[in-house]
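Remarks on the structure that follows.
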Amino acid sequence: MPTRRSLIVAGLAAAGSALAATPAAALPTADMEAVVKAAQIDPRRADSAITPGSRDSVLLVEQALQAKGLLAAAYADGHFGTRTIDAYAAWQRSLGYTGLDATGLPGPTSLRLLGEGRFTLTRVLSPGTVSTWRGVPVNARTKAMLLEAERLLGRQFTITQGSYSPGRTRRRPARTTAAARWTSR
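Residue 184 is where the sequence shown ends in numbering that gives the first Met the number 0, and the numbering goes up by one at each step.
Below is the structure:
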């Protein structure tokens with residue numbers, strides 16, 4: 000005859016295995032490409048319009064910043080405005096970033112860390128592999144942007160400085176920038 004104790008233990012074991020069989024609720028996803036696009040466009044708008052397709056992802060970022068005490072609830076609205084930029088820059092500084100790495104423009108590492116336990120990232124932006132193009136080191140993203148700018152302008156750029164310099168920050172490679180001037184084709 001089973002004892003009360005053995006029934007309780009068996010019930011707890013069954014409940015535990017049922018919980019283990021139940022998959023954990025999936026975290027919402029934040030689209031990094033949409034967040035970065037909004038971070039570049041929204042603060043420069045004369046109004047508080049939201050960059051198309053970015054609201055839900057920006058809201059996840061803002062709610063995470065709010066939970067860390069870096070952004071007031073009134074500014075968690077899906078618009079990546081100047082208050083959100085300031086809050087994100089404070090988040091980057093709390094991670095040890097300085098200078099150009101703490102401007103409030105989300106990077107893959109700081110955004111992933113901010114989302115831990117709150118959201119996962121999709122469409123993660125990466126500068127891509129480094130190669131030599133027109134005699135200077137550039138990453139794949141810089142090359143693609145320059146080629147698109149040339150296409151839109153109908154002119155060819157002369158590259159005077161590549162994407163990378165020998166300097167390094169504590170946790171991230173050198174900032175990706177390029178200097179170019181255009182000439183007629």
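Heads up, the beta-carbon is just placed ideally off N, CA and C, and yes, glycines get one too.
Buried/exposed call for residue i, threshold 16 Cβ in 10 Å
| i | result |
| --- | --- |
| residue 161 | buried |
| residue 100 | buried |
| residue 110 | buried |
| residue 44 | exposed |
| residue 98 | exposed |
| residue 115 | exposed |
| residue 21 | Residue confidence for residue 21 is low, a pLDDT of 49 falling below 50, so the modelled location carries little weight; the figure read from the coordinates is stated next. Exposed is the call here. |
| residue 147 | exposed |
| residue 83 | buried |
| residue 51 | exposed |
| residue 47 | exposed |
| residue 61 | buried |
Which residues DSSP lists as bridging residue i, in chain order
| i | result |
| --- | --- |
| residue 120 | 29 |
| residue 136 | 131 |
C-beta atoms of residue i and residue j nearer than 8 Å
| i | j | result |
| --- | --- | --- |
| residue 64 | residue 86 | yes |
| residue 77 | residue 58 | yes |
| residue 67 | residue 53 | no |
| residue 118 | residue 27 | yes |
| residue 128 | residue 138 | yes |
Cβ distance (whole Å) where residue i is taken to contact residue j below 8 Å
| i | j | result |
| --- | --- | --- |
| residue 126 | residue 31 | At roughly 13 Å, the Cβ-Cβ gap does not stay under 8 Å, so residue 126 and residue 31 are not in contact. |
Exercise. At which residue ranges does the segment 66-94 contain complete beta strand (DSSP E) runs of 3 or more residues, listed in the order of the chain?
Worked result: none
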